[in-house]
Each structure stands twice: as C-alpha cells, then as structure tokens.
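In the working numbering, the protein residues as written are 62 to 445.
Don't be surprised by glycine CBs; every beta carbon is placed ideally from N, CA and C.
A short write-up of the structure that comes next.
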C-alpha cells in the first residue's frame, strides 16, 4: 500500500501555478512516462474560480475582518500548488472529500483546480518485481517488505535521465539520442498523484489558519484518513527542505550515482576484456582491480556524500563478486585442463610402459628364435 503524503508550495497567483493546459494534458510534457496522446487515464476538474479575482476578494475580507491590509507574505503565499500521493482507484470525489475535511478542521482550503495523473512515473532497472516495491516520496527511498532496497533500484525519470525521441518513438539515455534504452529490460512504476491548486485563506476570519508543527502533523493524518491510506512519516525538524528541493537534490545525487556506475562499469569492462584475452586471472590482475577500487574510493570520499559513497562501494562489491564467479570458472576450467593433461600423461606413460614390456618379451624370445634358426640350418645340412 502506498503511503499518504501532501506537499505544498507557493505558486504565483498571476500564472495560476500549474497551467490549465498542463493539468488538462492539452500538450504532452516531456516528463511523462506514457507518450500516447490518446491516453485516457487522467482526470481534471476546474471549479471556475480565478485565483487573482479570489485574491482581491480576500484582500477586502482581510480589511473588513481584521482591520488591517493583507500582509505581503500572505499575498505571496495565497495560491498553493499541492502534490498528493494517491492509489490507482482514487477519483476527484476523494480529493474533494479530503479538502472538505481540511476545511472543517482548519477553515479555508478553497480549491481552484484538481488534476489526477496516471501518466507519470519512472522506469526501473532492478531485480525486484515492481509490484513488490514501495516508494517513499518523503525520503525518496525504495522499500520492499519495509526493507530499504534503494541501492538495488535504479530509476530513470523521463526528461531527467531518460529521453523520448518523438521522431523514432524510442527512449534514450542521453539528450543527443545516441544511446538507445532497451525498455523491454525495464519495468514501469506509475506515480499516481493529484495536483491541487487551492488557497488556505479563510474568508470567514479574513486570514490564513496558523499551521504549526502539531497542526501540520494533524493535516497529514487527515490526508491519510480521508484517502484511506497508510500514514506517511511523521514530520521531523531535520526535514527543512521542501519536497521539491529534496527531489531536486535526489535527482542530482542520482545523476552522480549514474555517472559513477558508468565510470566503474567502463573500468570493469576494460578489465574483463583484458582477462578474456589472457584467458586466466593472475595476481597482477587482482592487484590492479584492488588498486582501481582504492583510488576510486579515495576520490569518492572527497567528492561525494556518505550515501553516494556507500552506493558506489556497494556497486564495486557486486562487481567484485561477479568477477570472482568468473575467476572461479576460469580457475575451474584451468584445473580441468590440467587434469586432462595429467590423465593424458598417465596414458602416455602406460603406453610407453606397455611398449617397453613388449620389447623385453621380444628380446627374451630372440635366443629361442635364433636357436630354432640354427637347428633348421643343421637339419638341412644333414638331410639335404
């Protein structure tokens, strides 16, 4: 079961946050996983309220209810864009019910637009079945049966580290469309979610509700209860970045990890080619591999974060295990060859020994043969 989560950030009132065309999918943004223009899995509803017009009414209400002008900060934060985690079965009515519950508890939470998207997500390169994986959008981690398997999952997000070519309708790992991706080897993970444009402003009191730590935690609980989902992680002081900031940082980290994997795989491929040509693994080869790893780790500690370093180290260890298996196969093959050589040598020795014995028998027969020949000559001389 996916965990609930509602993350909001301020949006410019004049631009209306996410454009209506984008929410309605009047065009296909480059970050979409599903590229079919006829895809019908999305939902959209516009409540006919213009954010700018509603803001002007809010300014009037603020003056009437509080006797003061609406503060600049309140104007800047008036329109909110929210991303809400969903499951496949959720509909517009579920979101309406959620905001109705938020309004009952805090006041405000007036909705302008709702869009539910089923066409976004990532491609996964992993040994695990995508159905068994759960994504924690708060901490940007992958879990299987509550075990963190993030290091065992490589996710490719459209227009970030995998790109769609509209000309040949194929996916590539680079913007230049040089390295084509084999999609048959990847799994799709759909990110079911809603985009909601709303304002927290409470017309009745002429101000925004104050949502401190306790209220924010309660808000997330209301989200989980309203959508009948598992409650996401409780808010923590250590989480000072917004969801979008964490996602951007995660994308940067993922790009670094991908680069590290490419560099390491290139070196390991070169090493493997060298081993294949030689046909055996020597102590020098093993030393070179260890030194390559040591130098990479020294460089990585200076450049990368502890998590990135841990990921690289895990990749190396897996590569070493793979090469150990290959090395074992080579050693086993060499042993079998030596065994065959030994058996062949033993056969040759047995053959030589048999020939030697035959020669000795022949030699032992020679006197008797000569004796017979002598007797035969004498017989002829006597009896003509």
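Please tell me whether, using a cut-off of 7 Å, the distance from the CB of residue 238 to the nearest non-hydrogen atom of the ligand ADP is below it. Annotation note on the ligand ADP: not contained in the displayed structure, which lists no ligands.
Could you check if residue 124 is buried or exposed, using at least 16 other CB atoms within 10 Å of its CB as the buried criterion? If you number the chain shown from 1, residue 124 lands on position 63. The residue in question, residue 124, is exposed, as its Cβ has fewer than 16 Cβ neighbours within 10 Å.
Whole angstroms is fine: what's the gap from residue 364's alpha carbon to residue 202's? One-based indexing of the chain shown puts residue 364 at position 303. One-based indexing of the chain shown puts residue 202 at position 141. In this prediction, residue 364 scores a pLDDT of 47, lower than 50, which makes its location untrustworthy; no coordinate-derived value is stated.
Among the candidates 153, 196, 250, whose CA atom is the shortest distance from the CA of residue 104? Numbered from 1 along the chain shown, position 43 holds the residue referred to as residue 104. Ranked by Cα distance from residue 104, the options 153, 196, 250 are led by 153.
At least 3 beta-carbon pairs within less than 8 Å: the segment 137-150 vs the segment 62-73: Touching, per the Cβ criterion.
Roughly how many angstroms lie between the CA atoms of residue 45 and residue 176, to the nearest whole one? Nothing about residue 45 can be read from this structure; the chain reaches only from 62 to 445.
Buried or exposed, going by whether 16 or more other CB atoms sit within 10 Å of the CB of residue 151? In the chain shown, the residue the question calls residue 151 occupies position 90. Burial call: buried.
With a threshold of 8 Å on Cβ separation, who are the neighbours of residue 422 within its own chain once the five nearest residues in sequence on each side are excluded? For this step, residue 422 is matched to residue 361 along the chain shown. Residue placement at residue 422 is flagged as unreliable, the pLDDT there being 48, under the threshold of 50; the coordinate-derived value follows with that caveat. Non-local C-beta neighbours of residue 422 in its own chain, meaning closer than 8 Å and more than five positions away in sequence, are absent.
How many angstroms separate the CA atom of residue 94 from the CA atom of residue 185? Position 33 of the chain shown holds residue 94. Position 124 of the chain shown holds residue 185. Roughly 12 Å between the two C-alpha positions.
Nearest residue (CA-CA) to residue 182, options 278, 195, 226, 207: Counting from 1 along the chain shown, the entry for residue 182 is found at position 121. Checked all of 278, 195, 226, 207; the closest Cα to residue 182 is 195.
Inter-stretch contact (C-beta, 8 Å, three-pair minimum) for the segment 168-175 and the segment 263-274: Remark: three or more beta-carbon pairs, one from each stretch, lie closer than 8 Å, so the segment 168-175 and the segment 263-274 are flagged as touching.
Quick check: what's the CA-CA separation for residue 118 versus residue 108? Walking along the chain shown from the start, residue 118 turns up at place 57. Walking along the chain shown from the start, residue 108 turns up at place 47. Note on geometry: alpha-carbon atoms of residue 118 and residue 108 lie some 17 Å from one another.
Separation of residue 287 from residue 134, as counted between CA atoms: Residue mapping note: residue 134 aligns to position 73 of the chain shown, counting from 1. Residue mapping note: residue 287 aligns to position 226 of the chain shown, counting from 1. Computed Cα separation, rounded: 30 Å.
Bounding residues of the alpha helix (DSSP H) (the contiguous stretch that carries residue 257): Counted from its first residue, the chain shown places residue 257 at position 196. Element bounds for residue 257: not the alpha helix (DSSP H) but the beta strand (DSSP E), 254-260.
Using only CA atoms, which one of 268, 144, 116 lies nearest to residue 66? Taking the chain shown and counting its residues from 1, the one referred to as residue 66 is at position 5. Out of 268, 144, 116, 144 has the C-alpha closest to the C-alpha of residue 66.
Could I get the ranges of all uninterrupted alpha helix (DSSP H) runs contained in the segment 235-291, with 4 residues as the minimum, in chain order? Those alpha helix (DSSP H) runs which fall completely within the segment 235-291 and span 4+ residues are 274-288.
Own chain partners of residue 129 with C-beta closer than 8 Å, once the 5 adjacent residues on each side are dropped: For the purposes of this step, residue 129 is taken as residue 68 along the chain shown, with counting starting at 1. Taken in chain order, the residues that qualify are 123.
When you compare each of 148, 114, 225, 273 to residue 240 by their alpha carbons, which one comes out closest? For the purposes of this step, residue 240 is taken as the residue at position 179 of the chain shown. For residue 240, the nearest C-alpha among the options comes from 225.
So the beta strand (DSSP E) residue 139 belongs to, where does it begin and stop? Here residue 139 refers to the residue found at position 78 of the chain shown. Going by DSSP, residue 139 is part of no beta strand (DSSP E) at all; its letter is neither H nor E.
I'd like the span of the beta strand (DSSP E) that includes residue 70, first residue to last. Mapped onto the chain shown, residue 70 falls at position 9. 67-71 is the span of the beta strand (DSSP E), which, as asked, contains residue 70.
Below 8 Å between beta carbons: does that hold for residue 126 and residue 267? Taking the first residue of the chain shown as 1, we reach residue 126 at position 65. Taking the first residue of the chain shown as 1, we reach residue 267 at position 206. Closer than 8 Å, so yes.
Distance, residue 331 Cα to residue 78 Cα: What you label residue 78 is simply residue 17 of the chain shown in a count that begins at 1. What you label residue 331 is simply residue 270 of the chain shown in a count that begins at 1. With a pLDDT of only 49 at residue 78, under the threshold of 50, the placement of this residue in the model should not be trusted, and no figure is reported.
Along the chain, where does the alpha helix (DSSP H) that runs through residue 228 open and close? If you number the chain shown from 1, residue 228 lands on position 167. Residue 228 -> no alpha helix (DSSP H), and no H or E assigned at all.
Measure from the alpha carbon of residue 257 to the alpha carbon of each residue in 96, 147, 238, 334, then state which is nearest. Locating residue 257 in the chain shown gives position 196, where the first residue counts as 1. Residue 147 is the option with its Cα nearest to residue 257.
For residue 64, which residues in the same chain have their Cβ closer than 6 Å to its Cβ, ignoring the five residues on either side in sequence? Within the chain shown, residue 64 is the residue found at index 3, counting from 1. Hits under 6 Å: 291, 293.
Roughly how many angstroms lie between the CA atoms of residue 200 and residue 218, to the nearest whole one? As a working note, residue 200 is residue 139 in the chain shown. As a working note, residue 218 is residue 157 in the chain shown. Each residue's Cα considered, the two are about 17 Å apart.
Rounded to whole angstroms, what is the Cα-Cα separation between residue 164 and residue 114? Reading the chain shown from its first residue, position 103 is the one you call residue 164. Reading the chain shown from its first residue, position 53 is the one you call residue 114. Taking the straight line from one Cα to the other gives about 20 Å.
Less than 8 Å between the beta carbons of residue 220 and residue 334, yes or no? Within the chain shown, the letter at position 159 stands for residue 220. Within the chain shown, the letter at position 273 stands for residue 334. For the 8 Å CB-CB criterion, residue 220 and residue 334 do not form a contact.
Residue interval of the beta strand (DSSP E) (run including residue 211): In the chain shown, counting from the first residue as 1, residue 211 sits at position 150. Counting along the chain, residue 211 sits inside no beta strand (DSSP E), nor does DSSP assign it H or E at all.
Would you mind sorting residue 298 into buried or exposed? The rule is 16 or more other CB atoms within 10 Å of its CB. Along the chain shown, one-based indexing puts residue 298 at 237. Unreliable placement is indicated for residue 298, whose pLDDT of 45 sits below 50; the coordinate value is still reported in the next sentence. Taking a 10 Å sphere around the C-beta of residue 298, we find fewer than 16 other C-beta atoms and assign the residue as exposed.
Using the Cα positions of residue 213 and residue 188, report the straight-line distance between them to the nearest angstrom. Along the chain shown, read from residue 1 onward, the residue named residue 213 stands at position 152. Along the chain shown, read from residue 1 onward, the residue named residue 188 stands at position 127. Residue 213 and residue 188 have their C-alpha atoms roughly 8 Å apart.
Neighbour-count burial assignment, residue 244, 16 or more Cβ in a 10 Å radius: Here residue 244 is taken as the residue at index 183 of the chain shown, counted from 1. Under a 10 Å Cβ-count criterion, residue 244 is classified as exposed, with fewer than 16 other Cβ atoms of the shown protein chains found around its own Cβ.
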